[in-house]
Each structure stands twice: as structure tokens, then as C-alpha cells.
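Before any comments, here is the structure.
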Amino acid sequence: MSKESTTIDVGESSNVTKSTSHVVVDEKKKKSFVAAASGGGYKRGLAIFDFLLRLAAIVTTITASSLMYTAEETLPFFTQFLQFQAGYDDFATFQFFVIAVAIVAGYLVLSLPFSIVTIIRPLAVAPRLILLISDTVVVTLTTAAAAAAAAIVYLAHNGNANTNWLPICQQFGDFCQAVSSAVVTASIAVVFFILLIVISAIALKRQ
1 MSKESTTIDV GESSNVTKST SHVVVDEKKK KSFVAAASGG GYKRGLAIFD FLLRLAAIVT
61 TITASSLMYT AEETLPFFTQ FLQFQAGYDD FATFQFFVIA VAIVAGYLVL SLPFSIVTII
121 RPLAVAPRLI LLISDTVVVT LTTAAAAAAA AIVYLAHNGN ANTNWLPICQ QFGDFCQAVS
181 SAVVTASIAV VFFILLIVIS AIALKRQ
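According to full-length UniProt numbering, the stretch in the sequence shown is residues 1 to 207, in order.
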């Protein structure tokens with residue numbers, strides 16, 4: 001009785017398995033590359049918007065500080081020994097406002113290189129995290145300056161009958177208009193900072 005030999009060829013099946021695994025790996029690489037490209041695309045758009053917002057905030061803070069710094073009015077009726085004058089340096093709160101908002105404007109200028117880096121490298125985490133932390137600190141300073149100045153502006157417009165503080169805006173109309181405009185402009189800067197913080201938070205979110 002003759003014996004039949006059985007031959008099992010495993011070489012072809014192993015080659016098929018290897019080629020299949022290569023295809024799976026290539027598909028994973030392709031998907032990860034597409035995901036990274038799409039993520040980098042929208043993050044670059046956020047970075048560009050961040051840069052434009054910083055430019056707008058620079059203009060806003062410089063304007064607010066300049067308006068407060070130049071706020072001054074002298075009433076036309078005065079004598080040789082008595083002169084009615086109002087200026088920002090008559091109020092410690094307004095002096096704090098000018099210094100604080102000027103510091104914020106300087107910070108915004110220094111933050112522009114970091115914002116440019118996030119445009120060039122939208123997936124970089126370190127510069128975006130630095131901007132997020134710094135913006136959070138600076139928005140607190142801006143809010144404090146604007147809120148403190150707003151309280152004095154309110155008293156200047158309305159006074160306080162309980163403490164016999166008379167409203168001075170009836171006489172110093174131009175002065176009050178200037179300081180009010182400065183407070184409003186600083187409040188707009190606060191809104192810009194809130195948007196910048198939201199942008200940084202979104203950009204740091206993982207895919």
C-alpha cells in the first residue's frame with residue numbers, strides 16, 4: 001500500500017498576513033495624518049484669530065489709558081486765588097487705572113511673538129499654555145482697574161447724598177465724558193481677553 005505525501009505550503013499565507021498587517025498599519029498612519037492635518041488646520045485658524053484679537057486689544061488698551069491720562073478740564077470761571085480744575089491725577093483710582101492698563105498694553109505687545117509661534121506651529125502646547133495662564137492673570141488686572149474706575153465715574157455722575165458727595169459731572173462735563181469713555185474702552189478690552197482665553201482653551205483641547 002503506497003503512502004501519499006501531504007505538503008503544506010505556509011509561505012504564501014504568511015506573506016498574505018504580512019501584507020495585510022502592512023495595509024492595516026498604513027491605514028492607521030493615514031488616518032492619524034489626516035486627523036493631525038485637520039486639527040492643525042482649525043487650530044491655525046484659531047491662532048490667526050488670536051493674533052488679530054491681540055492687535056485689537058493693544059489698540060483698545062492704549063486708547064483707554066490715553067483717554068484717562070489726558071482727562072482734564074478747567075472751568076472758565078475762576079479768580080486769581082481760586083481755580084476749579086479736575087484731572088485724572090486728582091483721583092488715586094484713575095492713576096491706578098492708567099498704570100494698570102498701560103502695563104496690560106505692554107504685556108499684549110510682548111505676547112505677540114508667542115501668538116505668532118502658535119500660527120507657525122498650531123499643534124504646539126507650550127506657547128498656547130503660556131498665553132492661557134498669562135491672559136488669565138492679566139484679565140484680572142484689567143477687570144480690577146476698569147471696575148474701580150467705573151465706581152468713581154458713577155459717583156462723579158450721580159454723587160452720594162448719604163455722604164454729601166455732589167455730582168461733579170454737571171460742571172466738569174468734558175472731564176466726565178473722557179473718563180467714562182476710558183472705562184468703556186477698558187471694558188471692551190476685558191471682553192477681548194475673555195475671547196482670547198476661550199480660544200486658548202479650545203486650541204489646547206485634544207483631538
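Ideal Cβ positions, reconstructed from N, Cα and C, are used throughout, including at glycine.
What do you reckon, are the CB atoms on F96 and A57 nearer than 8 Å?
no
So which of A124, I120, L141, G45 has the shortest CA-CA distance to L204?
For the residues A124, I120, L141, G45, the minimum Cα distance to L204 belongs to A124.
Please state if the CB of V153 and the CB of V183 are separated by a distance shorter than 8 Å.
Cβ distance < 8 Å, so V183 and V153 count as in contact.
Mark V137 as exposed unless 16 or more other C-beta atoms lie within 10 angstroms of its C-beta, in which case mark it buried.
exposed
For S115 and chain C, any beta-carbon pair shorter than 8 Å?
In the structure shown, chain C cannot be found, because there is only a single protein chain.
So, does the region 65-73 touch the region 181-199, judging by three or more C-beta pairs under 8 Å?
yes
Segments assigned beta strand (DSSP E), at least 3 residues, entirely inside the UniProt domain "Casparian strip membrane protein" (44-192)
72-74, 85-87
Here's a check: name, in chain order, each residue in its chain whose Cβ is nearer than 8 Å to the Cβ of C176, leaving out the five neighbours to either side.
V153, A156, H157, I168, C169
Taking just the CA atoms, how far does I103 sit from P76?
A straight-line Cα-Cα distance of about 35 Å links P76 and I103.
In its own chain, which residues sit with a C-beta less than 8 Å from the C-beta of F33, not counting the 5 before and 5 after it?
Reliability of the predicted coordinates at F33 is poor, the pLDDT of 37 falling under 50, and the value obtained from them is presented with this limitation in mind. Nothing meets the Cβ criterion.
Tell me which same chain residues have a C-beta within less than 7 Å of the C-beta of P122, skipping the five on either side of it?
G40, K43, R44, A47
Give me the Cα-Cα distance between T61 and I194, rounded to the nearest whole angstrom.
Cα to Cα, the separation comes out at about 14 Å.
Can you give the Cα-Cα distance for A147 and I119, rounded to whole angstroms?
33 Å
Integer-rounded CB distance, given that L112 should sit under 8 Å from R54
6 Å
Beta-carbon contacts of S187 that lie in its chain and below 7 Å, excluding the five residues immediately before and after
A146
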